[in-house]
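Student:
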Amino acid sequence: MTATEKKVFDDILKSLEGKDQVFLVGCGDCATVLQTGGEYEVNEMAEMLAAAGKQVTGRVVPDASCKILDVKRLLRQNKEAVDAADAIVVLACGAGVQAVSEALETKPVVPALDTIGQVDQFRLGQYYEWCSSCGECILAEYGGICPITRCPKGQVHGPCGGANEGKCEVNPENQCVWTLIYERAEKLGEEPAAIGTAYREPRDYRKTTHPRQKVFEPRRGG
Ligand code: SF4
Ligand code: SF4
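Residue numbering for the sequence shown follows my numbering, beginning at 1 and increasing consecutively.
If you want it as structure tokens, here you go:
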């Protein structure tokens, strides 16, 4: 899922200078799970904006704010309240904010969240960035553990040598990913020392050139 964090409220207010009527859009998917943009947070934001002298003309929480057509439909259904607003405050990831921009060509859109990245959920309230969408997955060579994302230096040819008792020298709260990779290799019956030693073709950075897109003909029946 996509991880987000709440922006400092004063920064949101700065973006809303001169805009007194606001409409709020949350997200019923990732931002709800991460407690940054669900019903609760949208209502909380409405209260904070009201206390700061803003008038909230309406609010919606789409099932997923990154679904552009669904967002358009929901905003059309709330046309009067949307039209009455000077700006739309969006409590969703950057993809959700841009779905709203796409839906409302002439309305200023203000993000209320910062987007951190893609995360795995361990349990509710515990999330880890384990993939950075590099577009050329090499997990098969590393026992299913990503050195690109889980090593701050992106070491793909072995550890940097700075680990202390298996902890990363950059952030000792984390295990050095190479400790994890070696331990897993042993469990898989593979030779740890061989991992990352093979010649690697230079990465094809065309696969990470932004903006990427994925367009395909969906199978009938989903
Ligand atoms: S190699 Fe790492 S960053 Fe790239 S797709 Fe696989 S898990 Fe994600
Ligand atoms: S200690 Fe391990 S995870 Fe940390 S930067 Fe070095 S190789 Fe990467």
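Glycine included, each C-beta is placed from N, C-alpha and C at the ideal position.
Starting from the C-beta of Gly58, find all residues in its chain whose C-beta is less than 6 Å away, skip the five residues before and the five after it, and write them out in chain order.
Tutor: Translated into positions along the sequence shown, residue 58 becomes position 58. Only Phe23, Asn78 and Ala81 meet the Cβ criterion.
Student: Express the C-alpha separation of Leu180 and Lys7 in angstroms, rounding to a whole number.
Tutor: Stepping through the sequence shown from its first residue, residue 7 is reached at position 7. Stepping through the sequence shown from its first residue, residue 180 is reached at position 180. Cα-Cα distance, rounded: 33 Å.
Student: Quick one, are the C-beta atoms of Gly158 and Gly189 less than 7 Å apart?
Tutor: Within the sequence shown, the letter at position 158 stands for residue 158. Within the sequence shown, the letter at position 189 stands for residue 189. Not a contact, by the Cβ cut-off of 7 Å.
Student: Do Leu49 and Val56 have their beta-carbon atoms positioned less than 7 Å apart in this structure?
Tutor: As a working mapping, residue 56 is identified with position 56 in the sequence shown. As a working mapping, residue 49 is identified with position 49 in the sequence shown. Taking 7 Å as the Cβ cut-off, Val56 and Leu49 qualify as a contacting pair.
Student: Between the Cα of Pro62 and those of Asp204, Gly28, Ala46 and Glu105, spot the shortest distance and give me the residue it belongs to.
Tutor: What you label residue 62 is simply residue 62 of the sequence shown in a count that begins at 1. Nearest of Asp204, Gly28, Ala46 and Glu105 to Pro62, Cα basis: Gly28.
Student: Using only CA atoms, which one of Lys107, Gly96, Arg73 and Arg123 lies nearest to Ala85?
Tutor: Position 85 of the sequence shown, counted from the first residue, corresponds to residue 85. Of the listed residues, the one whose Cα sits closest to Ala85 is Lys107.
Student: Using the C-alpha atoms, what's the distance from Leu124 back to Leu74?
Tutor: Position 74 of the sequence shown, counting from 1, holds the residue named residue 74. Position 124 of the sequence shown, counting from 1, holds the residue named residue 124. The alpha-carbon atoms of Leu74 and Leu124 are separated by roughly 28 Å.
Student: Identify every run of the alpha helix (DSSP H) within the region 15 to 52, keeping only runs that are complete inside it and at least 4 residues long; order them along the chain.
Tutor: Here the runs fully enclosed are 30 to 33 and 39 to 51.
Student: Looking only at its chain, what residues have a beta carbon closer than 7 Å to the beta carbon of Arg150, apart from the 5 residues adjacent to it on each side?
Tutor: Counted from its first residue, the sequence shown places residue 150 at position 150. Cβ neighbours of Arg150 beyond the five flanking positions: Trp130 and Val177.
Student: Could you name the residues, in chain order, whose CB is less than 6 Å away from a heavy atom belonging to ligand 2?
Tutor: Those residues are Cys151, Pro152, Lys153, Gln155, Pro159, Cys160, Gly162, Ala163, Cys168, Glu169, Val170, Cys176, Val177 and Trp178, given in chain order.
Student: Using only the heavy atoms of ligand 1, determine whether one of them is closer than 6 Å to the beta carbon of Tyr139.
Tutor: Taking the sequence shown and counting its residues from 1, one reaches residue 139 at position 139. Just to set this straight, residue 139 is Leu in the shown sequence, not Tyr. Yes.
Student: What's the C-alpha gap between Val215 and Lys207?
Tutor: The sequence position of residue 215 within the sequence shown is 215, counting from 1. The sequence position of residue 207 within the sequence shown is 207, counting from 1. Those two C-alpha atoms are separated by around 15 Å.
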